[in-house]
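Those letters in the sequence shown? Residues 1 to 495, by UniProt numbering.
Just so you know, even glycine gets a beta-carbon here, dropped at the ideal spot from N, CA and C.
The structure under discussion appears below in the form of structure tokens.
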Amino acid sequence: MNNIMFQGTASTVGKSILTAALCRILNDDGISVAPFKSQNMALNSFITEDGKEMGRAQVVQAEAARIKPQVEMNPILLKPTSDVGSQVILNGKIYKNMCAKDYFGTKAGLKQHIMESYNKLQSKHEVIVIEGAGSPAEINLRENDIVNMGMAEMVDAPVVLIGDIDKGGVFASIYGTVMLLEPEERKRIKGYVINKFRGDVKILQPGIDMFYEKLQIPCLGVIPYESLKIDDEDSVTERFDMKEEADIIIGVLRLPHMSNFTDFTVFELEDNVSVRYIKENKDYEGIDLLIIPGSKNTIKDMEYIHNSSLKAGIYRAHRNDVPIIGICGGYQILGETIEDEKGVETSMSSINGLGLLEIITEMEDSKQTTQITGNIIEDIPFAEKSYNLQVSGYEIHMGKTELMGDSLPLIKLQDGRIDGAMNAKKNVMGTYLHGIFDNDELRKLILDNIKNKKGLDIDSNIDYAKLKDIEYDKLAKLVRDHMDIDKIKDIIYNR
1 MNNIMFQGTA STVGKSILTA ALCRILNDDG ISVAPFKSQN MALNSFITED
51 GKEMGRAQVV QAEAARIKPQ VEMNPILLKP TSDVGSQVIL NGKIYKNMCA
101 KDYFGTKAGL KQHIMESYNK LQSKHEVIVI EGAGSPAEIN LRENDIVNMG
151 MAEMVDAPVV LIGDIDKGGV FASIYGTVML LEPEERKRIK GYVINKFRGD
201 VKILQPGIDM FYEKLQIPCL GVIPYESLKI DDEDSVTERF DMKEEADIII
251 GVLRLPHMSN FTDFTVFELE DNVSVRYIKE NKDYEGIDLL IIPGSKNTIK
301 DMEYIHNSSL KAGIYRAHRN DVPIIGICGG YQILGETIED EKGVETSMSS
351 INGLGLLEII TEMEDSKQTT QITGNIIEDI PFAEKSYNLQ VSGYEIHMGK
401 TELMGDSLPL IKLQDGRIDG AMNAKKNVMG TYLHGIFDND ELRKLILDNI
451 KNKKGLDIDS NIDYAKLKDI EYDKLAKLVR DHMDIDKIKD IIYNR
């Protein structure tokens, strides 16, 4: 088996991004490579061409490897529904909702599914780059582990450990992680990487030398901290606290159960456009567009809005003629009511929405998961000339929405269904299509309208797919320049 596994001293140390980097580097070197993560916990997900749901991090890694995402790259996806429970997605489809204790007891039975996915990928690719989760030193989770050292044992993978120096204590975290492993597990670790370094590597070198005296494990690289516009995996992300301002400000409501915030990454690539995540009333000031994002628990997020100052800010923005767009759960939130008689999300059978769209939503226990294309059938005033424009995206939702009163249908899908709605005044719209802003022409029309209204002379004619590819190339160069890629290849092929 030609493989290598990145594990970390903690979450968010850079496992996902370095996996993507190595996928691009190996592909650049003519090697057929695929990413793999047996179990991912995230609220950011994606729908494959065959209608399967998987984590966004493996989608990014697949794009970096220049291959299409497939669910075998992430056979188990855990989507948190509460502090102690998750919806378990197995092989791209809902398995069941489980509390942590029940899931822990189920993991051993999932190994067969993991190996079937891994073997399918391995049969098609020369190298598999595996990503771990959290830390292998979480000794309370070692029994029936399927994502860190347990996964490494299943496929006999050598391991490179990643530590985040930006958080401080990087040598202690690497040392402590290694020492908490069993002797056989330590043998798998072939080196470590220090990530997110700021400063002069020469000052760090004495520490690296001293560390080798304590643990004869080589440092395979020190990766500088660099801001790259690549989708994050976790909701624990710096973008929520970004204070950068620009000529155009896109406001996104920061909901407790927000999902698929990657829908807005493309705006961050636009010149003179910034995305502001709205957490309190003052954050509404100066926004040019308000987006209510997707949610993993729409009813709880609707309840949160009712009980917070955010609700008044939404209505104030609406009175001030700020366009409002709801995506998926955000679309449902804009409506009159959300019904949940079947208890799909909570024990609350019904909750009032914001009433900005004349729609009602009924939660269902089956999930709509599909990639879809359609045409806009209403001209959107804040995206002039959008009538009949073709848009693509993907659906991930468990509710069925019915248009009422004066609401206008928004998109006619290729399969004949109608998606989305707009109010009679045409300044509020909603859609189930994730990734709708990735459509370059629609996004340009929205931004051009804002620019014309504000008298700005800014070009917004970007090609999102090309820009993403440029960022992957930047990432690959950064890592190639600061990681011993020859040694990495030697570990892959010669152990």
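**OP:** Would you decide whether V275 is buried or exposed? Buried here means 16 or more other CB atoms lie within 10 Å of its CB.
**Re:** Counted from its first residue, the sequence shown places residue 275 at position 275. Classification for V275: buried.
Subject >> CA-to-CA distance, G169 to R198, given in whole angstroms >> reply: In the sequence shown, residue 198 corresponds to position 198, counting from 1. In the sequence shown, residue 169 corresponds to position 169, counting from 1. Computed Cα separation, rounded: 14 Å.
Original post:
For the beta strand (DSSP E) that M429 lies in, which residues bound it at each end?
Top reply: Start at 1 with the first residue of the sequence shown, and residue 429 comes out as number 429. Residues V428 to T431.
Subject >> Residue from L467, L180, Y212 and K451 with nearest C-alpha to D440 >> reply: Locating residue 440 in the sequence shown gives position 440, where the first residue counts as 1. Closest by alpha carbon: L467.
**OP:** Excluding the 5 residues preceding and the 5 following T346 in the sequence, name in chain order all residues of the same chain whose CB lies nearer than 8 Å to its CB.
**Re:** For the purposes of this step, residue 346 is identified with residue 346 of the sequence shown, where counting begins at 1. Taken in chain order, the residues that qualify are N297, I299, K300 and D340.
Original post:
Ends of the alpha helix (DSSP H) at C23?
Top reply: Residue 23 sits at position 23 when you count from the first residue of the sequence shown. Element bounds for C23: K15 to D28.
Subject >> Sequence-distant residues of the same chain with beta carbon closer than 7 Å to K96, five excluded per side >> reply: The count along the sequence shown starts at 1 and reaches residue 96 at position 96. Cβ neighbours of K96 beyond the five flanking positions: V88.
**OP:** Return the chain-ordered list of same chain residues with a C-beta closer than 7 Å to the C-beta of H482, the five sequence neighbours on each side being excluded.
**Re:** If you number the sequence shown from 1, residue 482 lands on position 482. Here the set comprises G221, V222, I223 and P224.
Subject >> Pair within 8 Å by beta-carbon distance, A42 and R56 >> reply: In the sequence shown, counting from the first residue as 1, residue 42 sits at position 42. In the sequence shown, counting from the first residue as 1, residue 56 sits at position 56. Yes, these two residues count as a Cβ contact at 8 Å.
Original post:
Given a threshold of 16 other Cβ atoms within 10 Å of its Cβ, counted over all protein chains shown, does D419 qualify as buried or as exposed?
Top reply: Counted from its first residue, the sequence shown places residue 419 at position 419. Counting Cβ neighbours within 10 Å, D419 comes out buried, since at least 16 surround it.
Subject >> Per-residue DSSP class, three states only, for K296 >> reply: Translated into the one-based positions of the sequence shown, residue 296 becomes position 296. Of the three classes helix, strand and coil, the one that applies to K296 here is coil, per DSSP.
**OP:** Quick one: give me the first and last residue of the beta strand (DSSP E) that K167 is part of.
**Re:** Numbered from its first residue, the sequence shown carries residue 167 at position 167. Unbroken run through K167: none, as it is neither H nor E.
Original post:
What number of angstroms, rounded off, separates the C-alpha of A34 from the C-alpha of N452?
Top reply: Within the sequence shown, numbered from 1, the residue matching residue 34 stands at position 34. Within the sequence shown, numbered from 1, the residue matching residue 452 stands at position 452. Spanning the two alpha carbons is a distance of roughly 44 Å.
Original post:
What's the gap between the Cα of S460 and the Cα of N281?
Top reply: Counting from one through the sequence shown, the residue named residue 460 turns up at place 460. Counting from one through the sequence shown, the residue named residue 281 turns up at place 281. So the alpha carbons of these two residues sit roughly 29 Å apart.
**OP:** For residue 532, name the three-state secondary structure that DSSP assigns.
**Re:** Here the chain has residues from 1 to 495 only, and residue 532 is not among them.
Original post:
Can E358 and S407 be called in contact, C-beta distance under 8 Å?
Top reply: By 1-based counting over the sequence shown, the position of residue 358 is 358. By 1-based counting over the sequence shown, the position of residue 407 is 407. It is a contact, given that the beta carbons lie within the stated cut-off.
Original post:
Applying the criterion that 16 or more other CB atoms from any shown protein chain within 10 Å of the CB defines a buried residue, is R24 buried or exposed?
Top reply: Taking the sequence shown and counting its residues from 1, the one referred to as residue 24 is at position 24. Buried is the call here.
**OP:** Using three-state DSSP, classify Q39 as helix, strand or coil.
**Re:** Along the sequence shown, read from residue 1 onward, the residue named residue 39 stands at position 39. Strand.
Original post:
Hey, how far is the Cα of L253 from the Cα of I305?
Top reply: For the purposes of this step, residue 253 is taken as residue 253 along the sequence shown, with counting starting at 1. For the purposes of this step, residue 305 is taken as residue 305 along the sequence shown, with counting starting at 1. When rounded, the distance between both Cα atoms is 10 Å.
Subject >> Neighbourhood of I485 by C-beta, 7 Å cutoff - its chain only, sequence neighbours within 5 removed >> reply: Here residue 485 refers to the residue found at position 485 of the sequence shown. I25.
Original post:
Taking the C-alpha atoms as reference points, what is the distance between M179 and P136?
Top reply: Counted from its first residue, the sequence shown places residue 179 at position 179. Counted from its first residue, the sequence shown places residue 136 at position 136. If you take the alpha carbons of M179 and P136, they lie about 11 Å apart.
**OP:** Identify every run of the alpha helix (DSSP H) within the stretch 290-361, keeping only runs that are complete inside it and at least 4 residues long; order them along the chain.
**Re:** 298-306, 310-319 and 329-333
Subject >> I114 versus V71 - alpha carbon distance >> reply: If you number the sequence shown from 1, residue 114 lands on position 114. If you number the sequence shown from 1, residue 71 lands on position 71. Taking the straight line joining both Cα atoms gives about 11 Å.
Original post:
Just to confirm, does K474 get its C-beta within under 7 Å of one of the non-hydrogen atoms of the ligand NAD?
Top reply: The ligand NAD is absent from the structure shown, which contains no ligand whatsoever.
Subject >> Cβ-based burial, Q205 [other Cβ within 10 Å; buried from 16] >> reply: Taking the sequence shown and counting its residues from 1, one reaches residue 205 at position 205. That one is exposed.
Subject >> Separation of K196 from S235, as counted between CA atoms >> reply: Within the sequence shown, the letter at position 235 stands for residue 235. Within the sequence shown, the letter at position 196 stands for residue 196. Below a pLDDT of 50, predicted positions are generally treated as unreliable, and S235, at 41, falls in that range; no measurement from the model is reported.
**OP:** Go ahead and pull the three-state DSSP assignment for D231.
**Re:** Counting from 1 along the sequence shown, the entry for residue 231 is found at position 231. Three-state result, D231: coil.
**OP:** Let me know if residue 496 comes out buried or exposed under the rule of 16 or more other beta-carbons within 10 Å of its beta-carbon.
**Re:** There is no way to answer for residue 496, as the model of the chain reaches only from 1 to 495.
Original post:
When the distance is taken between beta carbons, is I360 closer than 8 Å to G335?
Top reply: Here residue 335 refers to the residue found at position 335 of the sequence shown. Here residue 360 refers to the residue found at position 360 of the sequence shown. It is a contact, given that the beta carbons lie within the stated cut-off.
Original post:
Taking M348 as the reference, which of K311, L90 and I338 has the closest Cα?
Top reply: The residue labelled residue 348 in the question sits at position 348 within the sequence shown. Comparing Cα-Cα distances from M348 to each of K311, L90 and I338, the minimum goes to I338.
Original post:
Looking only at its own chain, which residues have a Cβ that is under 6 Å from the Cβ of R480, when we skip the five neighbours before and after it?
Top reply: Residue mapping note: residue 480 aligns to position 480 of the sequence shown, counting from 1. If we look at R480 and ignore the five residues flanking it on each side, its Cβ neighbours are I25.
Original post:
Below 8 Å between beta carbons: does that hold for Y472 and A20?
Top reply: Within the sequence shown, the letter at position 472 stands for residue 472. Within the sequence shown, the letter at position 20 stands for residue 20. A contact, by the Cβ cut-off of 8 Å.
Original post:
Quick one, which of G374, G294, G286 and N307 has its alpha-carbon nearest F264's?
Top reply: Residue 264 sits at position 264 when you count from the first residue of the sequence shown. That would be G294, whose Cα lies nearest to the Cα of F264.
Original post:
Do you know offhand how far I208's Cα is from S173's?
Top reply: Translated into positions along the sequence shown, residue 208 becomes position 208. Translated into positions along the sequence shown, residue 173 becomes position 173. Their backbone Cα atoms lie some 14 Å apart in a straight line.
Original post:
In three-state DSSP terms, what is L475?
Top reply: Here the question's residue 475 lines up with position 475 in the sequence shown. Reduced to three states, the DSSP call for L475 is helix.
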